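> Counted the way mature numbering (1 follows the signal peptide of the UniProt record, and there is no 0) counts, the sequence shown spans residues -27 to -1, 1 to 177.
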Amino acid sequence: MRKLLFISGLFLILLGGAFTTSPSASAKSLPKLSTQKVTYVSSALNVQVKAPKSASLLAVVYNHHTSYCKLKKNTCNLNYKFTGYKTFELYGTTSKHQRVTQTKKLSRSAYATNEIVNFSEVRTKSDAQVIVNTLGSHRTVRLYSGKKLLSSQNTGSGQHVSFRLTLKQYKPTLTYTVTATNKKASGAFFIPYLEEPSNLEGIA
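1) Could you check what DSSP says for Ala177 in three-state terms: helix, strand or coil?
2) Run through the DSSP bridge pairs and tell me what Glu62 is partnered with.
3) Would you report the Cα separation of Val95 and Lys156, rounded to the nearest angstrom?
4) Assuming the contact rule is C-beta atoms closer than 8 Å, Lys26 and Asn47 should be a hit. Round their C-beta distance to whole Å, please.
5) Classify Glu88 as buried or exposed, calling it buried when 16 or more other Cβ atoms lie within 10 Å of its own Cβ.
6) What number of angstroms, rounded off, separates the C-alpha of Ala161 from the C-alpha of Thr97?
7) Run the CB neighbour count on Thr152, radius 10 Å, all protein chains shown included, and call it buried at 16 or more, exposed below.
8) Can you tell me which residues form a DSSP beta bridge with Tyr117?
9) In angstroms, rounded to a whole number, what distance separates the CA positions of Ala(-1) and His70?
10) Can you check the stretch 3 to 30 for any beta strand (DSSP E) of at least 3 residues that lies completely inside it and give the ranges in chain order?
11) Give me, in chain order, the residues of the same chain whose beta-carbon lies closer than 7 Å to that of Ala101; leave out the 5 immediate sequence neighbours on both sides.
12) Just to confirm, are Ala177 and Arg115 a CB contact at a threshold of 9 Å?
13) In angstroms, rounded to a whole number, what distance separates the CA positions of Thr113 and Gly175?
14) In three-state DSSP terms, what is Gly(-11)?
15) Return helix, strand or coil for Lys141, following the three-state DSSP convention.
16) Would Thr76 and Ala28 be called neighbours here (beta carbons separated by less than 9 Å)?
17) Going straight from the alpha carbon of Leu30 to that of Leu51, what length do you get?
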C-alpha cells in the first residue's frame, strides 16, 4: 500500500511539472511592442511606441530608473532626456504596473552615431593638421582639447573634414566626436600626440 501511494505521489509530481511554464517561456508568449521614428534631438530620445490594447502604460527603464508614459490610442510619443549611452528597456503595463508585453530594447546603436576610428594627422615644425574620415556624409565632426571645443565642421556631401592647428592648440588632450543628423554624437575618439614632426594614421 505504501509503495502504491509513493508511486501515485511521484506520478502527480511529474504530471504537475509537465504543466509548469518557465518565466522566460511565459514572457516570450506576451505580445510585442513596435517602435518607429527613433531620433535624438535636444538631448532627448524621441521614439513612437505602439502597444497592444492590454497595455495602459509604457514603462521606460534607463540606468536602473523606471518611468511611465500614458498610452493614448495604444501609442506613446516618447521624449526622454538622458545622459550616457546605456540601453533602454521598454514594455507595456496595466494601470497597476503589471507587465503585459515583451521587453523591447534600444541600444546605443539605435539612437547614437555609429562610427569607427579613422583619422590621420601630420605635425610639422610650424603647425599640425588632423583629417577625420567618417562612415557617412552630412556628419558634424567636433574637435576638442580636453573639454574645450576647438572647431566644428560638417562633411557636407563628402566623408571627411580637415582641421589646421597651431602648435599651441596641438596638445596631448585632443579628441573628436562625430554626429549624424538626428543622432547622438559618437563617443570621443582619442588623437595621439606627436612629440616631433611626423605623421600618423589611425584606423580601428
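Note that beta-carbon positions come from the ideal geometry of N, C-alpha and C, so glycine has one too.
Only a predicted model underlies this, so the values are computations on that prediction, with no experimental measurement involved.
Taking the structure as given:
1) The count along the sequence shown starts at 1 and reaches residue 177 at position 204. Correct three-state label for Ala177: coil.
2) Taking the sequence shown and counting its residues from 1, the one referred to as residue 62 is at position 89. Bridge partners of Glu62: Val34 and Lys78.
3) Here residue 95 is taken as the residue at index 122 of the sequence shown, counted from 1. Here residue 156 is taken as the residue at index 183 of the sequence shown, counted from 1. The straight-line gap from Cα to Cα measures roughly 30 Å.
4) By one-based count along the sequence shown, residue 26 stands at place 53. By one-based count along the sequence shown, residue 47 stands at place 74. Going by Cβ atoms, the distance from Lys26 to Asn47 rounds to 6 Å, so yes, they are a contact pair.
5) By one-based count along the sequence shown, residue 88 stands at place 115. Buried.
6) As a first step, residue 161 is located in the sequence shown; it is residue number 188 there, counting from the start. As a first step, residue 97 is located in the sequence shown; it is residue number 124 there, counting from the start. Going by the C-alpha atoms only, they are around 25 Å apart.
7) As a first step, residue 152 must be located in the sequence shown, where it is residue number 179. The residue in question, Thr152, is buried, as its Cβ has 16 or more Cβ neighbours within 10 Å.
8) By one-based count along the sequence shown, residue 117 stands at place 144. Answer is Leu122 and Thr148, bridged to Tyr117.
9) Position 27 of the sequence shown holds residue -1. Position 97 of the sequence shown holds residue 70. Rounded to the nearest angstrom, the two C-alpha atoms are 15 Å apart.
10) Counting whole runs of 3 or more residues, the stretch 3 to 30 contains the beta strand (DSSP E) stretches 7 to 14 and 17 to 23.
11) Along the sequence shown, read from residue 1 onward, the residue named residue 101 stands at position 128. Glu94, Val95, Leu138, Leu140 and Tyr143.
12) Within the sequence shown, the letter at position 204 stands for residue 177. Within the sequence shown, the letter at position 142 stands for residue 115. No, Cβ-Cβ distance for Ala177 and Arg115 is not below 9 Å.
13) Within the sequence shown, numbered from 1, the residue matching residue 113 stands at position 140. Within the sequence shown, numbered from 1, the residue matching residue 175 stands at position 202. Their backbone Cα atoms lie some 19 Å apart in a straight line.
14) Here residue -11 refers to the residue found at position 17 when the sequence shown is read from its first residue. Unreliable placement is indicated for Gly(-11), whose pLDDT of 45 sits below 50; no coordinate value is reported for it.
15) Taking the sequence shown and counting its residues from 1, the one referred to as residue 141 is at position 168. Residue state, collapsed to three classes: coil.
16) Within the sequence shown, the letter at position 103 stands for residue 76. Within the sequence shown, the letter at position 55 stands for residue 28. Against a cut-off of 9 Å, the Cβ pair of Ala28 and Thr76 comes out as no contact.
17) Residue 30 sits at position 57 when you count from the first residue of the sequence shown. Residue 51 sits at position 78 when you count from the first residue of the sequence shown. Distance between the alpha carbons of Leu30 and Leu51 is about 12 Å.
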